[in-house]
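Below is one structure, written out as C-alpha cells; comments come after it.
Number of protein chains: 2
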Amino acid sequence: MIIDCHGHYTTAPAPHNAWRDRQTAAFAAGGDIDPLYPAISDDEIRETIEANQLQLLRERGADMTIFSPRASAMAPHVGDEAVARIWARRSNDLIKRVVDLYPETFVGVCQLPQSPGISIAQSINELVRCVTELGFVGCNLNPDPSGGKFSAPPLYDRAWYPFFEKMVELDVPAMIHVSGSCNAAMHATGAYYIAADTIAFMQFIEGDLFRDFPDLRFIIPHGGGAVPYHWGRYRGLADMLKRPPLAEHVMRNVYFDTCVYHQPGIDLLFRVIDVDNILFGSEMVGAVRGIDPETGQYFDDTKRYIDALPIPETDKAKVFEGNARRVYPRLDAQLKARGL
Amino acid sequence: MIIDCHGHYTTAPAPHNAWRDRQTAAFAAGGDIDPLYPAISDDEIRETIEANQLQLLRERGADMTIFSPRASAMAPHVGDEAVARIWARRSNDLIKRVVDLYPETFVGVCQLPQSPGISIAQSINELVRCVTELGFVGCNLNPDPSGGKFSAPPLYDRAWYPFFEKMVELDVPAMIHVSGSCNAAMHATGAYYIAADTIAFMQFIEGDLFRDFPDLRFIIPHGGGAVPYHWGRYRGLADMLKRPPLAEHVMRNVYFDTCVYHQPGIDLLFRVIDVDNILFGSEMVGAVRGIDPETGQYFDDTKRYIDALPIPETDKAKVFEGNARRVYPRLDAQLKARGL
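The listed protein sequences correspond, in order, to chains A and B.
Numbering-wise, the working numbering puts 226 at position 226 of the first sequence, and it's gapless, one number per residue.
So the working numbering is basically just the index in the second sequence, starting at one, shifted up by 340.
Structure representation (C-alpha cells):
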C-alpha cells in the first residue's frame, strides 16, 4: 500500500475557519476565546475531502494519508496559551471526524497547543489525548512558535525534554513543522518552511539529543529543507564540530519526506539519503497547487517522481509503506489490526 | 583563467581582529569607537595569505579570487551605525592592501556599513569609495543586518532602492551575504547562511525588483541556498503568485555560486540552473575546512566537482571565467587592461 506521510486539512469547512476568526477577534477584544463551535455536518466534511484530498489520492494512486490540521493555520503566535489550547483541540477534533468518516484512508496526526515563550510541557496533555483517546499516531512539532523570530530554544535544549519523554513513552514521532510567517520578509511556504527545516537539522547536528533519546524520531518535511543539496556541508560541519558521522549522530532518528516538486530534486534526495530515511509525502493539498508546464503534471504529484526512479521495487516499497510503518508504529499496529 | 567569486579574508592578521575587539569594547563602555589602528606590516599580511588562500588557490588550480572581508565578522548588529561605518572602512582598507600585494590574484569586494534599522542609503558612500577609489568590483549586501531576526524590509522594498540605483550606476553586483548569527537556535554557516540565501530568492520571486532595475545583479552564494533542490517549488510558487516564469522574472539578474560541498549537489545545480547563471566559488578559507572521508579531498575544493561534470569545456569556461567577467564588468575591464 502507499502511505502519504504529509497531508494537511487545508480544505477545512468554512464554519471551522470562521470559528477561528471569531476566536481571535474575541481574544483581541477581551471576549470569550471559546465561542460556540458551529455544527458541521458529516456531509460538509465529506464534500471538502472528496473533492480534494480523496480525489487526488485516487487519481494519483495512493491509499492513505497521515493527516493533520492545516499547518499555516496553527498560528501559535496568535493569541495566547489558552487560545492555542482551545484551537488545537478544535482542529484535532475535526481531524478525528475525517478519520472516522474515512478510516481506511486517513490517520490522524495532531496539532499542538504551542505558544511563544510557553513551556512545551503545556502541550503534553493534548498529545496524550490525541494519541490515547483519538487514536492519532504522531504530532506536528513547531520549532518556532513565534512565527519567524526563531526565539525558541534549539531542539536539543532540555526545555524540550519533557515533551520528548512523552513522545518516546507513547512511541509516536513528530514532524517538524512551522506555521505561518508573521514576517513580511519571509514567505511562508517558499522561505520560512524551508529555512525552518534546515535550521532544525543543523540543531540536531549541534546537539546530542539522540544520545539522550535513542528512540526519538522526527520527520523533517519538504525533503529535509536544504539539507540533501548541502549534504557535504553538513557532513563537513559535523566533522568540524567533533560530532560523530551523520549516519549515527542524526540519521538513526531523522527522516525526510519527498515533498520536493521536481524530478532532479527527488533524484538528489535518493542519491544522497539512505532509502531507509525517506518517507513518501506530497504535502497536498498544500503549498504548490499548479501544473508544471515542463511535465504537464501537478508539481505536488510526488509519487510520479518516485515511480520514475531507477531503484529496486523493494526500495520503493520502503518509501511508500515500510518506512512509514516503522516510524509510526501506532499506524502499523492499526493496519495490522485490520489485517494489512 | 579560473576566477573564484567567493573568498573571504577569514585569516586576517590578529592585530586587525584585536582592533575590532577594542572597538566593540569601547562602544560598550562609551569610549572611543575608532581607537588607534595598529601598524600591520606587509609581511604580516603576506604570511596570512600565502599560507592559506594563496596556497590553496595554487594547489587547487585557480587563478584569482574575488575577495571580501570575513562575512561572519561583519556583525552589523554589534554596536551602532558609526561603529559599523568605521569597521567597514578598516576591513575594506585591509582587503585593498591584500589586492595591492597580489594584484594578479585578488580583486576586492567590499563590506558595507549596514546597521539594523538604519537606512541602506548610509552605505552608499562606502560603496562609492571602495569602487571608485580602491578599485573594488562589487559588494556584499546583508539582507538581515539584525543577525538573525530578519527584521529588514524584503529586498524588493523601496527602502533598498537608493542603494540599488547606485549599484546600477557604478555597474557593480552584490553578493547577498548575511553575517554571524546572534541566535543560538541558528548556527551561522550551517543554518543562517543557507536560510538567508533561500529567503532572499523567495523575496525576488514575490517582488518586481528587476522590472524596476533590469541591470541590477545579485549573486546568491552557497549554491543558491535551498533553491536548486526545490526548483519545482519555486517555479510553482512563481506561477501561484502570478509572476512570470523564473527565467525572465528572476534569472536574468540572479546568479548562484558553486559553494556546494559534494558532487551530487553540484550535479543538481548544473542540471537545474542554466550554466549562464552559475559562477565558480569555493567560500574558502571558510565554512567547512575538513577533508571528506568519502573522497579524500577537501569538502570546499569545489573545482573538483565542476571538473568532474560531463559538460562541454565551453560551459566550464563560462562558470570559471566568462560569467564572472560578465557579472563583474569592472573586473573584466581590469583584466582587459592587463591584456587578459
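Every residue gets a Cβ at the ideal spot worked out from N, C-alpha and C, and that includes glycine.
Within the continuous beta strand (DSSP E) that includes T65/A, where are the two ends? M64 to P69
#### Entry: Within 7 Å, strictly: CB atoms of P143/A and L127/A
No.
Burial state of M1/A (16 or more Cβ within 10 Å): So M1/A counts as exposed.
- Query: Residues of chain A with CB under 8 Å from G488/B, in chain order?
  - Reply: F150
Per the contact definition of three or more C-beta pairs closer than 8 Å, is the segment 636 to 651 of chain B in contact with the segment 592 to 607 of chain B? Yes, they touch.
*Is the beta carbon of L209/A sitting closer than 7 Å to the one on A174/A?*
no
Which residues mark the beginning and the end of the beta strand (DSSP E) in which N465/B is found? Counting along the chain, N465/B falls outside any beta strand (DSSP E), though it belongs to the alpha helix (DSSP H) covering I464 to V468.
Suppose the cutoff is 6 Å on Cβ atoms and the five residues either side in sequence are ignored; what does the same chain contact list for G478/B look like?
V449, V512, P513 and Y668
Residues sharing a beta bridge with I460/B, DSSP | Beta-bridge pairing links I460/B to no other residue.
Inset, instruction - Compute the beta-carbon to beta-carbon distance between Q451/B and S431/B, rounded to the nearest angstrom, for a pair I have assumed lies under 8 Å. - result: 5 Å
Mind checking who A174/A pairs with in its DSSP beta bridge? C139/A and F218/A
Start and end residues, alpha helix (DSSP H) containing D4/A:
Run containing D4/A: none in the alpha helix (DSSP H); it sits in the beta strand (DSSP E), I3 to Y9.
* Asked: Ordered along the chain, which non-local residues of its own chain (more than five positions away) have a Cβ less than 6 Å from that of C345/B?
  -> Answer for C345/B: I406, D597, L619, G621 and A664, listed in chain order.
TODO: Tell me, to the nearest whole angstrom, how far the beta carbon of G565/B is from that of A226/A; I am working on the premise that it is less than 8 Å.
DONE: Yes, they are in contact, since the Cβ atoms of G565/B and A226/A sit about 6 Å apart, within 8 Å.
- request: Taking the CB atoms as reference points, tell me whether A71/A and F490/B lie closer together than 7 Å.
  value: no
Candidates H230/A, F213/A, F201/A and A191/A, of which the one nearest I220/A by Cα | Here the closest residue by C-alpha is F201/A.
Q: Flag this pair as yes or no: are the beta carbons of R97/A and I45/A separated by less than 7 Å?
A: Judged by their CB atoms, R97/A and I45/A are nearer to each other than the 7 Å cut-off.
- Apart from the five residues on each side of it in sequence, which residues of its chain come closer than 7 Å, Cβ to Cβ, to L441/B? Cβ neighbours of L441/B beyond the five flanking positions: D382, I385 and R386.
Counting only runs that start and end within the segment 20 to 103 of chain A, where is the beta strand (DSSP E) found for 3 or more residues in a row?
64 to 69
For Q637/B, which of helix, strand or coil comes out of DSSP?
-> strand
Next item on the list: May I ask you to report which of helix, strand or coil DSSP gives L112/A?
Entry: L112/A sits in coil when the DSSP states are folded into three classes, being neither helix nor strand.
Handout entry: F106/A, DSSP secondary structure in three states
Key = strand
Using C-beta distances below 7 Å, list every residue in its chain close to Q462/B, excluding the 5 sequence neighbours before and after it, in chain order.
E421 and P453
How long is the line joining the alpha carbons of L36/A and Q53/A, rounded to whole angstroms? If you take the alpha carbons of L36/A and Q53/A, they lie about 28 Å apart.
**Report entry** Outcome for G148/A when other beta-carbon atoms lying within 10 angstroms are tallied against a minimum of 16
**Finding:** buried
field: Collapsed DSSP secondary structure at D632/B in the structure displayed
entry: strand
Is V625/B helix, strand or coil when you go by DSSP?
-> Assigned with DSSP and collapsed to three states, V625/B falls in coil, not helix or strand.
query: Taking Cβ-Cβ distances below 8 Å as the criterion, which residues of the segment 216 to 229 of chain A are in contact with chain B?
result: H222, G223, G225, A226, P228 and Y229
| message | Does the structure place the segment 157 to 171 of chain A close enough to the segment 503 to 511 of chain B that three or more beta carbon pairs sit under 8 Å? | response | no
Under 7 Å from the C-beta of I545/B: neighbouring residues of chain A:
G190
message: What would DSSP say about V594/B, mapped onto helix, strand or coil?
response: strand
**Prompt:** Smallest Cα separation from F164/A: which of G207/A, V178/A and D215/A?
**Reply:** D215/A
**Asked** CB-CB under 6 Å to R60/A, same chain, minus the five flanking residues each way: which ones, in chain order?
**Response** D301 and K303
Using CA coordinates, which residue listed in A29/A, T189/A and A196/A is at the minimum distance from P145/A?
A196/A
*asked:* Strictly under 7 Å for the Cβ-Cβ distance: is F639/B near chain A by that measure?
replied: yes
Using a Cβ-Cβ cut-off of less than 7 Å, give me the residues of the segment 601 to 613 of chain B that come near chain A, in sequence order. Cβ contacts with chain A come from Y601, H602, P604, G605, L608, R611 and V612.
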